[in-house]
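Here is the structure we will look at.
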Amino acid sequence: EEDAVEAIFGGRIRAGDVVVIRYEGPKGGPGMREQLMPTSAIIGMGLGKSVALITDGRFSGATQGACIGHVTPEAYLGGPIALVREGDTIRIDIPAGTVDLDVPAEVLAARKADWALPGSTRLERGSLLERYRRMVGDAMHGARLS
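For the sequence shown, the working numbering gives the first residue as -18, with consecutive numbering after it.
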């Protein structure tokens, strides 16, 4: 999230871009931090009608524009959102309810084979957050503890 906000305010995000924020889902966050700052930054920079945001995190009721959240499977679990790279084409069809990563299947398979969790996702073993991460379900099913 912090990198995205820096890129938005730094002028590196332009009309037609899709901002992807990952590792903010129930397990990756852990806890699904609200993505109000990046969405506010997009609006504040005058990009609300021309830039989309996709995340495995969540949004508040104040969100405006093309914002897609609660993406599952989340990046922490190696979902497709973890495999997106700078420069990839993402097609969003809101009436059809689809989001497509326009990358050949063999490229995605190679990325998946090379994928590893970033070090920033590590938690102290036995900590409350680590236990939460083990017990929480996905966003599609309410991010409930089981």
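All residues carry an ideal CB built from backbone N, CA and C; glycine is no exception. Keep in mind that this is a model prediction, so the values were computed, not measured.
Which ranges does the alpha helix (DSSP H) cover as unbroken runs of at least 4 residues, wholly within the stretch 58 to 100, from first to last along the chain?
Runs of the alpha helix (DSSP H) lying entirely within the stretch 58 to 100 and spanning at least 4 residues, in chain order: 86 to 95.
Count the other CB atoms within 10 Å of the CB of Thr70; is the residue buried (16 or more) or exposed (fewer)?
Locating residue 70 in the sequence shown gives position 89, where the first residue counts as 1. Answer is exposed; the Cβ neighbour count stays below 16.
Could you say if the stretch 85 to 96 and the stretch 2 to 14 meet the contact criterion of at least three C-beta pairs nearer than 8 Å?
The answer is no - the stretch 2 to 14 does not touch the stretch 85 to 96, with fewer than three Cβ pairs under 8 Å.
Using DSSP's beta-bridge definition, name the partner residues of Glu15.
Locating residue 15 in the sequence shown gives position 34, where the first residue counts as 1. Beta-bridge pairing links Glu15 to Arg39.
Do the stretch 9 to 26 and the stretch -11 to -3 make contact, defined as three or more Cβ pairs closer than 8 Å?
By the Cβ test, the stretch 9 to 26 is in contact with the stretch -11 to -3, since at least three Cβ pairs between them sit closer than 8 Å.
Does the separation of the CB atoms of Gly42 and Thr102 fall below 8 Å?
Taking the sequence shown and counting its residues from 1, one reaches residue 42 at position 61. Taking the sequence shown and counting its residues from 1, one reaches residue 102 at position 121. In this structure, Thr102 does not lie closer than 8 Å to Gly42 by Cβ.
Own chain, CB closer than 8 Å to Gly60, minus 5 neighbours either side, in chain order:
Locating residue 60 in the sequence shown gives position 79, where the first residue counts as 1. Around Gly60: Asp37, Val52, Thr53 and Pro54.
State the CB to CB distance for the pair Ala63 and Ala56, rounded to an integer number of angstroms; the pair is presumed to be in contact (CB under 8 Å).
Numbered from its first residue, the sequence shown carries residue 63 at position 82. Numbered from its first residue, the sequence shown carries residue 56 at position 75. Contact between Ala63 and Ala56 holds, with the beta-carbon distance rounding to 4 Å and staying under 8 Å.
Give the single residue among Gly123, Ser31 and Ile35 whose Cα lies nearest to the Cα of Leu17.
Within the sequence shown, the letter at position 36 stands for residue 17. Closest in alpha carbon position to Leu17, among Gly123, Ser31 and Ile35, is Ile35.
Skipping 5 residues on each side, what residues in its chain have a beta carbon closer than 7 Å to that of Arg72?
The residue you call residue 72 lines up with position 91 of the sequence shown. Around Arg72: Asp81 and Asp83.
Out of Arg39, Gly100, Leu110 and Met116, which one is the CA nearest neighbour of Pro11?
Within the sequence shown, numbered from 1, the residue matching residue 11 stands at position 30. Distances from the alpha-carbon of Pro11 to those of Arg39, Gly100, Leu110 and Met116 put Leu110 closest.
Please look up how many angstroms separate the CB atoms of Arg14 and Glu(-17), rounded, as I've assumed it's under 8 Å.
To locate residue 14, count along the sequence shown from 1; it is residue 33. To locate residue -17, count along the sequence shown from 1; it is residue 2. Wrong, their Cβ atoms sit about 11 Å apart, outside the cutoff.
Comparing C-alpha positions only, which one of Thr79, Thr20 and Arg66 sits nearest to Pro85?
As a position in the sequence shown, residue 85 is number 104, starting the count at 1. Nearest option by C-alpha distance: Arg66.
If we ignore side chains and look at the alpha-carbon of each, how far apart do Ala(-4) and Val32 end up?
In the sequence shown, counting from the first residue as 1, residue -4 sits at position 15. In the sequence shown, counting from the first residue as 1, residue 32 sits at position 51. Going from the Cα of Ala(-4) to the Cα of Val32 covers about 6 Å.
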